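Asker: The following block contains the structure, expressed as structure tokens.
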Amino acid sequence: MTVWDDVVGQEQAVATLRAAVENPSAMTHAWLVTGPPGSGRSVAARAFAAALQCLEGGCGRCHACTTTLGGTHPDVTLVATEKVIITVKEVRDLIGTAVRTPSQGRWRVIVVEDADRMAEQTTNVLLKSIEEPPPQTVWVLCAPSVQDVLPTIRSRCRGVVLRVPPAEAVAELLVRRDGADPAVALSAARAAQSHVGLARRLARDAGARERRTAVLGLARRIRGVGDAVLAADELVNLAKEEARTATEERDAVERAELMRSLGVGEGETLPPKLRSQLRGLEEDQKRRATRHQRDVLDRAMVDLLSLYRDVLVVQLGAEVELVNEELAQTVRSLAADSTPEQTVRRMDAIAVARRRLEGNVAPLLALEAMAIALRPQG
Amino acid sequence: MGGTWQALLVPPATRARRSSAPARSWDEPTLAPVVLVRGAEPLLTERAVDGVVRLARERDPELEKVELEGATYGAGQLTVAASPSLFGEAKVVVILGADAGTEDLMADTIAYVARPDPETTVIVVHGGGQRGKKMLDTVTASGAPVMTCDPIAKDAEKAQFVANEFRAAGRRADASAVRALVEALGSDLRELSAACSQLVADTTGTINEGVVDRYYGGRVEATGFKVADAAVDGDTGRAVALLRHALDTGVDPVPMVAALAIRLRVLAKVAAMRGGGITARELGIAPWQVDRAQKDLRRWTPEGLAAAISAVAQADAEVKGEGRDPVFAVERAVMAIAQARRG
């Protein structure tokens, strides 16, 4: 067992990082880990930090390894944000941390998990520190692609590129780490198109799998305009329901927390002067629910897109693996019923619906137009 | 007065049983030390207040009328206004906008209701809402008459209102004239009543549709739904005219597109229903909508419906920032719908 176990399907990147840990001449003070969403950027960065702290180069068992992976090692700072951006103030604090000598005597590692969430002037604050940190400080920045950070940052870092991991590798990780059933894990990994986080959700949550299958089933069930409108209705209700269950509990907790901080006891009515506070919270929660609903719909559309991608693959006779292997039957019958041109038009319609949803078009209407485009046409 | 005091001391359940006069309509004024006028239709509340004041004036022509504004009320104003004047004439105190009243107003009114001055009439006007609920409860519980002035929503009720207006003025009006008037001016009750009095003043004889048309012809209350109806009927000219009318009288393009979408959605759902297996109840469509949609569907092909819904979705995107001119986007969608209908 090593710290690298969870970095799946990235043999080349892992080899580079391991070499840096083992051989001082291959080490650099600033790294930029890039890769598509779900490829395990932050996992790789953490593993690298752990390997640097570990006396055996990443055994995965010692105190240094476990604390680093758990995010509690005193010399490893992990920066991630749930907000839209990382602020200048947070970054200035980091620079202060960077000049300190490591307390355990090995490395001081600073991992910025969303380097793409720093504004231009925020990254400028970092330039000096990244260029010439103290001898024992290592910066590890993560971003979806090299283009997401400024050229001035890029040129100061050594790049490590992660690829989309093979579905088998992701499935193997799900089996090993989460104890998923091998067959389920493989289909989940394929369905999520190797996005580790999504695959994990699909493998662990039977409800999520069912919802996905239900969404894809719609493609076959739409026989006419009426069906299309009903299917859109169903999809929107599904999304609403999912958003509600996902946010309901959190909403109640936040509300109770606010009431407590306002000094209003259980069962007491809120004084009129404080009502605006509660209203503000409720509005935020409503916005969050809307956002969540939209995300759910967007995911459903991406799933549909993957289905039609498969249809196109079959129609063109390409020798590529299907994303939705378990729906091969549906894919084949859809492929037989239509021409590649129609499939491309349908994929376009899905893309248009996604764009419209982003542009705040009424979700039901956008989906209706999409579903209508999916119906069999002569 | 002592009796009322005791009434306040008994538990609420007993008190409620003993009092609270039945609610009466806005056109049945009555005299009492305290009268509550409740409801969100300003024209009717005004008439209710006028009715009570008229009754009071019949009793005492020397009447003095004082108006207090709820939102700017200061402590003690009610007592000052309601106390007997130097020359002993009767008083009517009208408290306007009690729904936006200050805390002082609530407290003073509650105190006054407990021992009202029998010579004075206090009219509390409350426009609805939850504010001042305790005051309202106390006033109703004291047995004060309550006049309700709820907004008139249904067309049939509006027609009834118009007919009553003409009858009160001693004039006869055709049913068709009443309907035409409601169709032209139905959205604002005040405007409707003003139109009635204008017709009464300017014309003689029976008021018929021709008279209404002469005065109010060309005025159409265009809503998104009417535009949608015209478009679904395939009447391009009328649909576009109504659309322009609606946009010019302040309907926003966004709800307009939503109305088009709703209308087409019902058509599509009813079309799906024909295949069997689903009932209107499951789809949440009212029976009259189903009837109408089935009638409309005779002139619609699935392809036409598909084109129409796609056009509306495109218009929604354009109205919300994808296009430059929202009005043009809606107009194009309306024309696309009308043309998508089979010949």
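Going down the list, the sequences are from chains A and B.
All residue numbers for the first sequence refer to my numbering, where the first residue is 1 and numbers rise by one.
All residue numbers for the second sequence refer to my numbering, where the first residue is 1001 and numbers rise by one.
Here a beta-carbon is modelled for each residue, glycine too, at the ideal position from N, C-alpha and C.
For clarity, every value in this text was computed on a predicted model and none was experimentally measured.
Examine the Cβ distances between the region 180-199 of chain A and the region 160-167 of chain A and report whether three or more of them are shorter than 8 Å.
Answerer: yes
Asker: With a threshold of 8 Å between beta-carbons, can L127 (chain A) be considered close to chain B, or not?
Answerer: Taking the first sequence and counting its residues from 1, the one referred to as residue 127 (chain A) is at position 127. False, the Cβ-Cβ gap to chain B never drops below 8 Å.
Asker: Determine the direct distance from the alpha carbon of A49 (chain A) to that of T101 (chain A), and round the result to whole angstroms.
Answerer: Counting from one through the first sequence, the residue named residue 101 (chain A) turns up at place 101. Counting from one through the first sequence, the residue named residue 49 (chain A) turns up at place 49. If I take the Cα positions, the gap works out to 16 Å.
Asker: Give, in chain order, every residue of the region 212-225 of chain A whose Cβ lies closer than 7 Å to some Cβ of chain B.
Answerer: G224, V225
Asker: Would E1331 (chain B) pass as a contact of V1240 (chain B) if the rule is Cβ separation under 8 Å?
Answerer: Locating residue 1331 (chain B) in the second sequence gives position 331, where the first residue counts as 1. Locating residue 1240 (chain B) in the second sequence gives position 240, where the first residue counts as 1. Cβ distance < 8 Å, so E1331 (chain B) and V1240 (chain B) count as in contact.
Asker: Quick one: using the 10 Å Cβ neighbour count with 16 as the cut-off for buried, is L270 (chain A) buried or exposed?
Answerer: By 1-based counting over the first sequence, the position of residue 270 (chain A) is 270. Per the 10 Å Cβ criterion, exposed.
Asker: Determine the chain A residues that contact G1321 (chain B) at a beta-carbon separation under 8 Å, and present them in chain order.
Answerer: In the second sequence, residue 1321 (chain B) corresponds to position 321, counting from 1. The answer, in chain order, is G359, N360.
Asker: Within 10 angstroms of its Cβ, does F1161 (chain B) collect 16 or more other Cβ (buried), or is it exposed?
Answerer: Within the second sequence, the letter at position 161 stands for residue 1161 (chain B). Its Cβ being crowded by 16 or more others within 10 Å, F1161 (chain B) is buried.
Asker: Is G1205 (chain B) a contact residue of the ligand GDP, with contact defined as CB to any heavy atom under 7 Å?
Answerer: This structure simply doesn't include the ligand GDP, nor any ligand for that matter.
Asker: For G159 (chain A), which beta-bridge partners are listed by DSSP?
Answerer: Counting from 1 along the first sequence, the entry for residue 159 (chain A) is found at position 159. Answer is A:L32, bridged to G159 (chain A).
Asker: In this structure, how does DSSP classify E1067 (chain B) when only helix, strand and coil are distinguished?
Answerer: One-based indexing of the second sequence puts residue 1067 (chain B) at position 67. In this structure, DSSP gives E1067 (chain B) an extended state, which the three-state scheme calls strand.
Asker: Can you find at least 3 beta carbon pairs, one from the region 1179-1198 of chain B and one from the region 1042-1049 of chain B, that sit closer than 8 Å?
Answerer: Two segments are said to touch when three or more pairs of C-beta atoms, one from each, lie closer than 8 Å; by this definition the region 1179-1198 of chain B touches the region 1042-1049 of chain B.
Asker: What residue ranges within the region 127-202 of chain A form continuous alpha helix (DSSP H) runs of no fewer than 4 residues, ordered along the chain?
Answerer: Along the region 127-202 of chain A, the alpha helix (DSSP H) occurs as fully enclosed runs of 4 or more residues at 151-154, 167-178, 182-191, listed in sequence order.
Asker: Counting only C-beta atoms, is I1337 (chain B) closer than 8 Å to chain A at any point?
Answerer: Your numbering for residue 1337 (chain B) matches position 337 in the second sequence. Look at I1337 (chain B): its C-beta is not under 8 Å from any C-beta on chain A.
Asker: Once DSSP output is grouped into helix, strand and coil, what is the label at S380 (chain A)?
Answerer: Nothing can be reported for residue 380 (chain A), as the shown portion of chain A is limited to 1 through 378.
Asker: Is there at least one Cβ from chain B nearer than 8 Å to K273 (chain A)'s Cβ?
Answerer: Taking the first residue of the first sequence as 1, we reach residue 273 (chain A) at position 273. Closer than 8 Å: no.
Asker: Using beta carbons (cut-off 8 Å, strictly below), is I110 (chain A) in contact with chain B?
Answerer: Position 110 of the first sequence, counted from the start, is the residue given in the question as residue 110 (chain A). It does not: the Cβ of I110 (chain A) has no partner Cβ on chain B nearer than 8 Å.
Asker: Who are the neighbours of A366 (chain A) on chain B, taking C-beta pairs under 9 Å?
Answerer: Locating residue 366 (chain A) in the first sequence gives position 366, counting from the first residue. Within chain B, the residues whose beta carbon sits less than 9 Å from that of A366 (chain A) are A1313, D1316, A1317, listed in sequence order.
Asker: Among A:P272, A:A373, A:D298, whose alpha-carbon lies nearest the alpha-carbon of S1347 (chain B)?
Answerer: Residue 1347 (chain B) cannot be examined here, being either before or after the span of chain B that is shown, 1001 to 1343.
Asker: I'd like the list of long-range same chain contacts for C62 (chain A), defined as Cβ closer than 8 Å, with 5 residues on each side in sequence excluded.
Answerer: As a working note, residue 62 (chain A) is residue 62 in the first sequence. Excluding the 5 residues flanking it on each side, C62 (chain A) has same chain C-beta neighbours closer than 8 Å at C54, L55, E56, in chain order.
Asker: Residue ranges of each alpha helix (DSSP H) run of no fewer than 4 residues wholly in the region 270-335 of chain A, ordered along the chain?
Answerer: 275-315
Asker: Is the distance from the Cβ of A219 (chain A) to the Cβ of L307 (chain A) below 8 Å?
Answerer: The residue you call residue 219 (chain A) lines up with position 219 of the first sequence. The residue you call residue 307 (chain A) lines up with position 307 of the first sequence. For A219 (chain A) and L307 (chain A), yes; Cβs fall inside 8 Å.
Asker: Nearest chain A C-beta to R1342 (chain B) closer than 8 Å, yes or no?
Answerer: Counting from 1 along the second sequence, the entry for residue 1342 (chain B) is found at position 342. So, not an interface residue.
Asker: Mind checking the region 154-188 of chain A against chain B and listing, in chain order, the residues whose C-beta falls within less than 9 Å of any C-beta there?
Answerer: Within the region 154-188 of chain A, no residue has a Cβ that lies closer than 9 Å to any Cβ of chain B.
Asker: Could you give the first and the last residue of the continuous beta strand (DSSP E) run that contains R108 (chain A)?
Answerer: Taking the first residue of the first sequence as 1, we reach residue 108 (chain A) at position 108. Taken as a continuous stretch (DSSP letters only), the beta strand (DSSP E) holding R108 (chain A) covers 108-112.
Asker: K1091 (chain B) by DSSP, collapsed to three states: which one?
Answerer: Along the second sequence, one-based indexing puts residue 1091 (chain B) at 91. DSSP places K1091 (chain B) in strand when its eight states are reduced to three.
Asker: Compare the C-beta of R1265 (chain B) with all C-beta atoms of chain A and state if any pair is closer than 8 Å.
Answerer: To locate residue 1265 (chain B), count along the second sequence from 1; it is residue 265. Yes, R1265 (chain B) lies at the interface with chain A (some Cβ there is under 8 Å from its Cβ).
Asker: Any idea what DSSP makes of T399 (chain A), helix, strand or coil?
Answerer: Since the first residue of chain A shown is 1 and the last is 378, residue 399 (chain A) is not available in this structure.
Asker: Check the C-beta distance from P1116 (chain B) over to V1037 (chain B) and give it rounded, since I have them as a contact under 8 Å.
Answerer: Position 116 of the second sequence, counted from the start, is the residue given in the question as residue 1116 (chain B). Position 37 of the second sequence, counted from the start, is the residue given in the question as residue 1037 (chain B). Not really, about 16 Å apart at Cβ, beyond 8 Å.
Asker: With distances taken from CA atoms, which of A:W107, A:L174, A:V76 is nearest V21 (chain A)?
Answerer: In the first sequence, the residue the question calls residue 21 (chain A) occupies position 21. If we check each option's Cα against that of V21 (chain A), A:W107 comes out closest.
Asker: Going straight from the alpha carbon of T1014 (chain B) to that of A1141 (chain B), what length do you get?
Answerer: Translated into the one-based positions of the second sequence, residue 1014 (chain B) becomes position 14. Translated into the one-based positions of the second sequence, residue 1141 (chain B) becomes position 141. Low confidence applies to T1014 (chain B): its pLDDT is 41, below 50, so where it sits in the model is not reliable enough to give any reading.
Asker: Quick check on the DSSP output: the beta strand (DSSP E) that includes T1138 (chain B) runs from which residue to which?
Answerer: Stepping through the second sequence from its first residue, residue 1138 (chain B) is reached at position 138. Here T1138 (chain B) belongs to no beta strand (DSSP E); instead the alpha helix (DSSP H) covers 1133-1141.
Asker: Is there at least one Cβ from chain B nearer than 8 Å to D227 (chain A)'s Cβ?
Answerer: Taking the first sequence and counting its residues from 1, the one referred to as residue 227 (chain A) is at position 227. Answer yes: the Cβ-Cβ gap between D227 (chain A) and chain B drops below 8 Å somewhere.
Asker: Measuring straight from C-alpha to C-alpha, what distance separates E1089 (chain B) and E1062 (chain B)?
Answerer: Here residue 1089 (chain B) corresponds to residue number 89 of the second sequence, with the count starting at 1. Here residue 1062 (chain B) corresponds to residue number 62 of the second sequence, with the count starting at 1. Rounded to the nearest angstrom, the two C-alpha atoms are 6 Å apart.
Asker: Judging by CA-CA distance, which residue of A:R288, A:A214, A:I95 is the nearest neighbour of R244 (chain A)?
Answerer: Residue mapping note: residue 244 (chain A) aligns to position 244 of the first sequence, counting from 1. When each option's Cα is compared against that of R244 (chain A), the closest is A:R288.
Asker: Which residues of the region 1289-1311 of chain B have a Cβ closer than 7 Å to any Cβ of chain A? Give them in chain order.
Answerer: For the region 1289-1311 of chain B, the residues whose beta carbon sits under 7 Å from a beta carbon of chain A are, in order, P1302, L1305, A1306, I1309, S1310.
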